[in-house]
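> Numbering (the numbering used here), first residue to last: 380 to 600. Ideal Cβ positions, reconstructed from N, Cα and C, are used throughout, including at glycine. Predicted model, so just to flag it, every value in this text is computed and none were measured.
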Amino acid sequence: MMLQLIKDAKIPFVKLRYLGYILSGATILMTIILLIVNKGPNYGLDFTGGTRVGLEFSFDVSTGELRKALASLGETDVKIFQVKEPGTGKVGYDIQVPPHTSVVKAGEITFSQKLINKIKEMKPGITVTLTGEENVSAAFGKELQNRALLAMLIGIFLMLLYLGIRINFRFSSGIAISVFHDVFFTLGIITLAGIKLDVTVIAAFLTLIGYSVNDSIVVSK
380 MMLQLIKDAK IPFVKLRYLG YILSGATILM TIILLIVNKG PNYGLDFTGG TRVGLEFSFD
440 VSTGELRKAL ASLGETDVKI FQVKEPGTGK VGYDIQVPPH TSVVKAGEIT FSQKLINKIK
500 EMKPGITVTL TGEENVSAAF GKELQNRALL AMLIGIFLML LYLGIRINFR FSSGIAISVF
560 HDVFFTLGII TLAGIKLDVT VIAAFLTLIG YSVNDSIVVS K
């Protein structure tokens, strides 16, 4: 027996369509404003290139203190993400800096070690653990960004083309609007939540598109 949360539910969706238009329009408008204020999504290292440094500390270090340490190394255009390690609950930071810091000359210490030394200098007695370091060139990041966008567009186009042939091109256009709404709204949510847009999130978007199309097919039929 199926679980029925609302018995004999009769929701007048057609009568409530104008409310739906208003809510959908409002969410899209808020997403646009959010992306303008945030200067686009929070692109991960995969798409921006540069250096990612993961750090954990023996006692609390604020984001402001990290920015101060980075500024002393000449890095002001940085992104700092607070992360919590699953299981242990330890709080650390993922720090992204522009691509030019990825180049280390012979005999020089790495950027991560420079940052660790600076933090230890600012906060005597602290233990700093390097949880990860990753370098991606700017050119590779841009290429990956373009390929991810192309993969999404091709995936959407092929699905809508199949639906247009299999069902009806009139329904296919409606499904296209529905997919755009779902993806754009989700993009706003992940931007608001500070989630990094990387290849993993792109894979999640493709899954979302699949579910959105499947749901729209059921409604259309």
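1. DSSP three-state label for D561, please.
2. Give the DSSP-derived three-state secondary structure of T480 in the structure shown.
3. From Q524 to A582, what does the alpha carbon distance come to, in whole angstroms?
4. With L576 and F426 assumed to form a contact (beta carbons below 8 Å), what rounded beta-carbon distance in angstroms separates them?
5. Measuring alpha carbon to alpha carbon, tell me which residue in E500, I474 and K499 is nearest Q461.
6. Identify whether M380 lies in helix, strand or coil by the three-state DSSP scheme.
7. For F559, is the beta carbon positioned less than 8 Å from some heavy atom of the ligand HEM?
8. Evaluate V580 with the Cβ neighbour count: other Cβ atoms within 10 Å of its Cβ, from every protein chain shown; 16 or more gives buried, anything less gives exposed.
9. Suppose only complete runs of 3+ residues qualify. What are the beta strand (DSSP E) ranges in the stretch 414–482, listed by chain order?
10. According to DSSP, L576 sits in a beta bridge with which residue or residues?
11. Measuring CB to CB, does I535 end up less than 9 Å from A555?
12. With DSSP collapsed to three states, give me the class of T489.
13. Buried or exposed: which applies to T480, given that a residue is buried once 16 or more other Cβ atoms fall within 10 Å of its Cβ?
14. Distance, Cα to Cα, E336 vs R431?
15. Who does L509 pair with in a DSSP beta bridge?
16. Since N514 sits in a beta bridge, which residues does DSSP pair it with?
17. With DSSP collapsed to three states, give me the class of F546.
18. Relative to the alpha-carbon of F584, which residue among A572, T455 and L528 has its alpha-carbon at the smallest distance?
19. Which class does I588 belong to by DSSP, given the choice of helix, strand or coil?
20. Helix, strand or coil for A582, going by three-state DSSP, please let me know.
This is what the structure gives:
1. helix
2. Summary for T480: the model assigns pLDDT 48, below 50, so the residue's position carries little reliability; its value from the coordinates is reported in the next sentence. Three-state result, T480: helix.
3. 13 Å
4. 7 Å
5. I474
6. The pLDDT assigned to M380 is 47, lower than 50, so where the model puts this residue is not dependable; a value taken from the coordinates is nonetheless given after this. In this structure, M380 counts as coil in the three-state DSSP scheme.
7. The ligand HEM is absent from the structure shown, which contains no ligand whatsoever.
8. buried
9. 429–436, 458–463 and 470–476
10. Y422
11. yes
12. coil
13. Below a pLDDT of 50, predicted positions are generally treated as unreliable, and T480, at 48, falls in that range; the measurement from the model is reported next regardless. T480 is buried by the Cβ-count criterion.
14. The first residue shown for the chain is 380 and the last is 600, placing residue 336 beyond what the model contains.
15. L434
16. T430
17. Reading the sequence as shown, one finds Ile at residue 546 and not Phe. Coil at I546, not helix or strand.
18. L528
19. helix
20. helix
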